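Per UniProt numbering, the sequence shown starts with residue 1, numbered consecutively. For glycine and all other residues, C-beta sits at the position ideal for the given N, C-alpha and C. The structure displayed is predicted, hence computed values, not measured ones.
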Amino acid sequence: MALLITVTLSLLLPATAWVVYSLMSNNQRKTDADRVSYSATFPANVSPDSISSFIETLSGPLATGLLGPTPSIAFETRATDRGITIGVMLPKHVADHIESQARAKIPGLNLARDEERVARFFDAALEIGMHSPSRPIKANAKGLSTSILASIQALLPGEEVVVQWVIAAKKSEPMPAKDANKTTNEFSVKQALIGTRDAGGDELNERREKLGSTNFLAIGRIGSIAPTVERAERLALNTFSSMSSSNTHANYLKKRRGNLAVISDQINRAATPPIFPAQLAVGELVGLISWPIDSPFISGLPHAGVRLIAAGENIPREGRVIGTSNYPGHKRTIAMDYEFAVHHTYIGGMAGTGKTSLLAELARQDMENGYGVICVDMNNTGSTETLANRILDFVPAHRIDDTIIIRPAANLGAAVGFNLLDQGNPETVARDIEALMTALYSDVQGVNMRKLLFYGVQTLAEAGGYTLNDLPYLVAPDGDDQTAWAHQLMDNAKDADLQRFWSMWKTKKKDDQLREASPLLNRFWQLTARPEARDLFGQTESAFTMDDVVMQNKILIIDLAGVSSDTALPMATLLINALWTSVNRNRPEKANFLFLDELQLIAKLPVAVDDMFRRARQMNLGVNAATQYLQGLDQQVKAAIPNTVRNRVIFRSGNDEARLWRDEMDRSLVGETDLQSNEPFEAYAQLSTRTGRPSPISIHAHTPSKPTGTRERVLRHSETRYLKSSEAILREGIARRTAKIAHGPAKAGVKIGVDPTKPWKG
């Protein structure tokens with residue numbers, strides 16, 4: 001009976017063991033196959049301490065039960081002639097947790113799901129273990145990592161090298177006592193012959209040193225592909241040799257050649273072995289996984305990643321949407337509350353990064369939601385992708401009646417009328433224009449010249465029915481008819497100061513009058529001779545008023561593309577100033593939003609842009625501005641933006657701008673390199689909320705929406721409603737400048753005066 005039992009057990013036990021092993025092996029295969037693969041890109045200057053800090057966190061998630069499969073992590077560096085890619089495979093049940101730990105410990109690390117990992121059959125392969133796993137190896141992480149990466153850079157076409165380390169948690173082990181006799185963990189023939197198994201002092205000290213930090217079980221593998229087997233073997237051996245700097249007299253890495261097909265399969269599966277041939281402390285592992293440390297000069301390394309920052313729940317999901325969070329596992333819309341949108345929005349970044357697209361998207365939402373939109377676009381590149389053109393594509397059907405389009409270069413032969421002199425109190429209008437013109441032109445600075453400009457504008461505004469274009473004819477009339485008209489206007493002035501000024505003016509000789517008026521004439525010819533400006537500002541009745549635009553939340557698109565810069569400058573100046581004057585005396589119930597692309601162009605105007613940033617939100621006007629040249633702005637404007645603009649969206653920027661916004665946002669969260677490395681439409685944002693301005697977040701900015709299809713209807717409606725022909729405008733001007741009483745025929749002789757449509761050459 002005993003014999004029968006013995007025979008039965010001897011037959012059953014191996015079979016049972018084989019069944020158990022097969023089940024465990026299959027479970028391990030399934031666990032390995034379920035791992036989530038990521039490709040990794042790194043920020044500049046990753047420190048070994050940050051990688052160590054991350055690896056320290058891995059022992060907990062990798063903990064396992066007694067009989068269950070072993071959860072493991074695979075670190076893999078793959079090189080081809082196209083460059084180097086770095087990947088990591090994480091256990092499925094803890095992948096999200098480990099991913100968030102990695103991003104927190106290594107700011108700027110970018111992990112992206114990798115579904116394209118394909119199997120290879122290698123021409124050469126080897127496994128890596130250790131001579132004495134319980135003893136340390138040299139842990140010069142930076143040197144070791146750089147050495148491995150250098151050994152696999154600049155491969156030839158058809159060559160490939162894979163370096164792989166698979167790690168699992170090591171169960172805790174008691175620290176060996178210093179003085180007690182301890183059994184050695186090493187084997188030697190000498191010890192076997194003399195029968196002693198005691199550990200020496202050096203071994204105990206080194207084991208204690210290694211156990212002083214977190215340890216992992218590990219196995220390394222190298223696979224290579226090349227046109228010849230000899231070349232593939234040389235690549236594998238060179239890569240293994242690059243790790244030799246970690247060797248010590250007592251412990252070193254050992255290579256093992258095995259069945260090529262088996263090792264190839266294990267590399268492809270990143271297989272977890274039943275027995276690990278190596279034990280690595282955190283500091284040792286940091287170098288061996290060959291993650292780039294301190295930006296090594298290695299050709300083919302992927303570009304540096306940027307830090308991705310999640311948005312808290314204090315950031316709205318609805319409202320004025322600027323994009324979506326690009327933080328992995330945290331996809332959600334990012335918006336600013338319309339209550340805080342009037343705190344202004346600044347969009348910075350280099351050309352082609354998404355600034356204009358985002359401005360247009362904000363305008364689209366504002367128009368759709370019934371807010372006023374005013375766009376001033378001085379971009380003269382000839383592109384169809386200007387801000388004005390994009391906004392025009394987004395006008396909703398229900399806002400067509402609210403839309404006014406000023407496009408001087410596109411409407412030659414006709415123009416929208418905007419009479420600057422009927423926009424408010426005559427004295428205020430005169431003072432504003434006098435200040436603007438003297439700021440615009442350095443040669444309009446003399447006291448007499450400024451008086452002439454001020455009193456001339458006030459006289460025209462007081463009389464009513466005149467335009468700014470009539471001023472040159474008032475101070476330098478051409479012929480007896482215009483002289484009679486000018487004198488009649490001067491004589492009929494109601495204001496005592498005006499009467500006194502014109503009385504003195506008329507006593508001067510004609511030559512003296514022309515000499516004093518020449519600076520004004522030299523500048524005003526741009527407004528009176530250039531049809532784009534002459535027809536806009538030269539109509540007796542305005543097609544619209546800025547007060548209507550502000551109080552009725554109109555859509556006003558001012559597109560100065562195609563207008564020469566010396567004419568566009570005074571045009572934009574006069575229009576923006578008229579808007580700002582209206583904003584200062586009107587506060588609509590619903591907000592208006594002013595859009596200024598290429599702020600560096602607008603900032604050159606003698607308009608108080610810095611004052612606008614400081615005070616506009618009190619009048620329910622939100623300014624939205626974009627530029628790539630913040631450093632080139634006037635110092636007052638440059639200072640006003642970070643100090644008064646509460647909503648910031650910063651795309652990839654140049655050196656100076658990156659340094660400025662790094663300090664403004666929070667350099668501990670957003671670095672200079674991050675701000676210089678974002679891809680197009682990727683940005684950092686700080687938004688004004690009820691809790692103030694929170695920490696920066698990373699976003700994928702709103703990409704261009706589809707046009708509403710109303711463009712032609714909008715243009716046709718605006719042209720029909722607001723345009724007047726140039727011929728009618730010219731006839732109207734001649735009629736305006738005719739005296740209200742009849743005069744006899746003009747006297748023969750030399751004309752006294754100038755042609756205001758030509759530069760003064762006196």
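Closer than 8 Å by C-beta to residue i: which residues in its own chain qualify, once you throw out the five before and the five after it? Chain order, please.
i      : result
Lys30  : Pro69
Thr64  : Thr70, Pro71, Ala168, Ala169
Gln423 : Val429, Ser542, Thr545, Met546, Asp547, Ala578, Thr581, Ser582
Ile602 : Val376, Met378, Ala572, Ile576, Leu596, Val609, Ala625
His717 : Ile400, Asp401, Thr403
Ala278 : Ile128, Gly129, Met130, Pro133, Leu217, Ala218, Ile219, Gly220, Leu253
For residue i, does the three-state DSSP call read helix, strand or coil?
i      : result
Tyr684 : strand
Phe418 : coil
Ile602 : helix
Val36  : strand
Asp81  : coil
Gly590 : In the sequence as displayed, the identity of residue 590 is Lys instead of Gly. Here Lys590 sits in coil by DSSP.
Phe613 : helix
Leu621 : strand
Arg711 : helix
Lys554 : coil
Arg234 : helix
Arg399 : helix
Asp366 : helix
Ile405 : strand
Asn448 : helix
Asn584 : helix
Gly465 : coil
Ala496 : helix
Just to check my reading of the structure: residue i and residue j have Cβ atoms closer than 8 Å, yes? What is that Cβ distance to the nearest angstrom?
i      : j      : result
Thr41  : Pro316 : Actually they are not in contact, since the Cβ atoms of Thr41 and Pro316 sit about 30 Å apart, beyond 8 Å.
Ser145 : Ser290 : 5 Å
Ala74  : Val88  : 7 Å
Pro61  : Pro107 : Incorrect: roughly 20 Å between the Cβ atoms, too far for contact.
Asn624 : Leu579 : Contact doesn't hold; Cβ gap of about 14 Å is too wide.
Val162 : Gly223 : 5 Å
Gly287 : Ile219 : About 16 Å; that fails the 8 Å criterion.
Leu308 : Tyr327 : 5 Å
Met350 : Gln600 : That pair is no contact at about 13 Å.
Thr540 : Glu732 : 6 Å
In terms of DSSP beta bridges, what is residue i paired with?
i           : result
Ser224      : Ala124, Val161
residue 817 : No answer is possible for residue 817: it lies beyond the span of the chain, which begins at 1 and ends at 762.
Tyr346      : Ala625, Arg648
Asp559      : Asp377
residue 820 : The question about residue 820 has no answer, for the chain in this structure spans 1 to 762.
Lys138      : BP columns for Lys138 are empty, so no partner.
Gly372      : Asn592
Met689      : Note that residue 689 is Thr in the sequence shown here, rather than Met. Per DSSP, Gly692.
Go ahead and label residue i buried or exposed: buried means 16 or more other beta carbons lie within 10 angstroms of its beta carbon, across all protein chains shown.
i           : result
Met243      : buried
Pro157      : exposed
His700      : buried
Pro707      : exposed
Asp294      : exposed
Val189      : Bear in mind that a pLDDT of 48 at Val189, under 50, signals an unreliable position, so the model cannot answer this.
Val118      : exposed
Ala132      : A quick correction: the sequence has Ser, not Ala, at residue 132. Buried: at least 16 other Cβ atoms inside 10 Å.
Leu23       : exposed
Asp656      : exposed
Pro472      : buried
Phe418      : buried
residue 764 : The structure shown has nothing for residue 764, since the chain only spans 1 to 762.
Phe681      : buried
Ile555      : buried
Val637      : buried
Ile374      : buried
Leu270      : It is worth fixing the name first, because residue 270 is Ala in this sequence and not Leu. Its Cβ being crowded by 16 or more others within 10 Å, Ala270 is buried.
Apart from the five residues just before and just after residue i, which ones in its own chain have a Cβ nearer than 6 Å to its Cβ?
i      : result
Glu284 : Ile137, Ala139
Ile641 : Tyr346
Ile405 : Ile557, Ser718
Gly413 : Ser726
Ignore the nearest five residues each way along the sequence and tell me which others in residue i's own chain have a CB closer than 7 Å to its CB.
i      : result
His97  : Pro61
Leu452 : Val475, Glu516, Ala517, Leu520
Using a Cβ cut-off of 9 Å (strictly closer), state whether residue i contacts chain C.
i      : result
Ala335 : No chain C is present in this structure, which holds just one protein chain.
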